[in-house]
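Numbering-wise, our numbering comes out as the position in the sequence shown, counting from 1, plus 1357.
Each residue gets a CB set at the ideal place from its N, CA and C atoms; glycine is no exception.
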Amino acid sequence: MRQILAHLRTLARRLILSCLLAASVTIPATASAKPMILATIAQLGEPMSRILGNCATVETLLGPGVDPHLYRLTRSDVAKALRADGLMANGLNLEAQMRDMFDRMSARKPVIYAGELLDPSKIVLTGGVVPDPHIWMDPRLWAEALSASATAIAKAFPECAPNVSQNQATVLAEIAAVDAYIEARVATLPPSARVLATAHDAFGYFGKRYGMKVLGVQGISTESEAGVAHIRDMAQIILDRRIAAVFVETSTAARAVDAVIEGARALGATVTKGPALFSDAMGPPGTYEGGYVGMLDHNATSVVRALGGDAPERGLNGRLNIPRQHKDTSG
Ligand SMILES: [Zn+2]
């Protein structure tokens, strides 16, 4: 019965979307001179708004703490996407519930999937099969994706080409600086401490880039719950490898991480809950952590300090406000 209801709900949602899409044919083009580009995640929206400068308005759909794997478009999101002159998403199945509609809208406006502009050989395949969508965790790779996206935007909106060529180098240089900072800070960790245990498998590219082993309590999507056996295994690994901290994320539930910490402590491990990391969402817009560079700085500085390495308390640019320790509810 529950399955039938879920199916009916999906059908109803599709019907509403179809009606809105059909209605969009008659919606007149916006009179505004500047194109409006709608990005799904802020990791795209924030740097792109800086690269495009005043030639376009860039809006971001998913705010702080929002999980893109599970997010379903609301009616007002659909209206916003219909109004937009261009759409940008990560792709590679990150925005699993939005893809259908974005693909359909691509008949009428440019739709750019940043992650899918990269050479496929650079995409990490989880279990050798499933593309890992969390590319922004490797700043060098994300810089390539942003650059390719900016080129695509400049092609679709030629009025933006001068801005792209003027601003892109500055934004990419800041990303290169934070990349070098992370590499140097991770190098202060003893090799045995280079283990990043987090709520879900968002840090694969980070681990690959900086030589850290990554352990996710959940898989690469947050859709599947971590099983009891997996939580027990994680607890054992934390004990065996003397992992000092496990991290929660701002956009996923903390309960699985709490269970792992509890399990590891029951086995005799000394492990703390590190500050919440920005995995699939960033900080509030307008704050340092609400920018892509600030988000990376926060993550790297938090991780290195919690695992016993050397990093300045306020990060690369002296602008971080990391809570001393995430509120520990696991006892
Ligand atoms: Zn994720």
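Relative to the C-alpha of L1475, which candidate in A1541, A1509 and A1550 has its C-alpha closest?
A1509
Do Y1649 and E1403 have their C-beta atoms within less than 8 Å of each other?
yes
Comparing the CB of S1636 with every heavy atom of ligand 1, is any distance shorter than 7 Å?
yes
The segment 1542-1550 / the segment 1660-1667 touching (three or more Cβ pairs under 8 Å)
yes
Would you call N1411 buried or exposed, if buried means 16 or more other Cβ atoms sit within 10 Å of its Cβ?
exposed
Is there contact between the segment 1564-1577 and the segment 1517-1534, where contact requires at least three CB pairs shorter than 8 Å?
The segment 1564-1577 vs the segment 1517-1534: no contact.
Assign G1443 to one of two classes, buried (16 or more other C-beta atoms within 10 Å of its C-beta) or exposed (fewer than that).
It is buried - the Cβ of G1443 has at least 16 other Cβ atoms within 10 Å.
Within the continuous beta strand (DSSP E) that includes T1417, where are the two ends?
T1414 to T1417
For M1462 and L1439, what's the separation of their Cα atoms in angstroms?
8 Å
Helix, strand or coil for I1394, going by three-state DSSP, please let me know.
Looking at I1394 - three-state DSSP - the assignment turns out to be strand.
Is there at least one non-hydrogen atom of ligand 1 closer than 7 Å to the beta-carbon of A1559?
yes
If we require 3 or more residues per run, which beta strand (DSSP E) segments fall completely within the segment 1575-1629?
1602-1606
When every heavy atom of ligand 1 is checked, does at least one fall within less than 7 Å of the C-beta of T1397?
no
Which one of P1488, Y1470, D1615 and L1596 has the shortest CA to CA distance from S1478?
P1488
Beta-carbon contacts of G1651 that lie in its chain and below 6 Å, excluding the five residues immediately before and after:
Counting only residues of its own chain and dropping the five nearest sequence neighbours on each side, G1651 has a CB closer than 6 Å to the CB of Y1645.
Stretch-stretch touch, CB-based, cutoff 8 Å, three pairs: the segment 1607-1615 with the segment 1627-1639:
yes
Is the number of C-beta pairs between the segment 1594-1602 and the segment 1552-1564 that are closer than 8 Å three or more?
yes
Does the beta carbon of T1555 fall short of 7 Å from some heavy atom of ligand 1?
no
Report buried or exposed for K1630, applying the criterion of at least 16 other Cβ atoms within 10 angstroms of its Cβ.
buried
Starting from the Cα of H1655, find the closest Cα among M1455, T1414 and L1634 and give me that residue.
Comparing Cα-Cα distances from H1655 to each of M1455, T1414 and L1634, the minimum goes to L1634.
Cβ pair count under 8 Å reaching 3, the segment 1452-1469 against the segment 1416-1436
yes
Count the other CB atoms within 10 Å of the CB of L1677; is the residue buried (16 or more) or exposed (fewer)?
buried
Continuous alpha helix (DSSP H) assignments of at least 4 residues falling wholly in the segment 1444-1472
1456-1462
Closer than 7 Å: is that where the CB of H1426 sits relative to any heavy atom of ligand 1?
yes
Spatial neighbours of R1578 within its chain, please: CB distance less than 6 Å, with the 5 preceding and 5 following residues excluded, ordered by chain position.
According to the sequence provided, residue 1578 is Ser. The question's Arg does not apply to it. Counting only Cβ-Cβ distances below 6 Å, and skipping sequence neighbours, we find H1426.
According to DSSP, is E1403 helix, strand or coil?
helix
Using the rule of at least 16 other Cβ atoms within 10 Å of the residue's Cβ for burial, across every protein chain shown, is S1522 buried or exposed?
exposed
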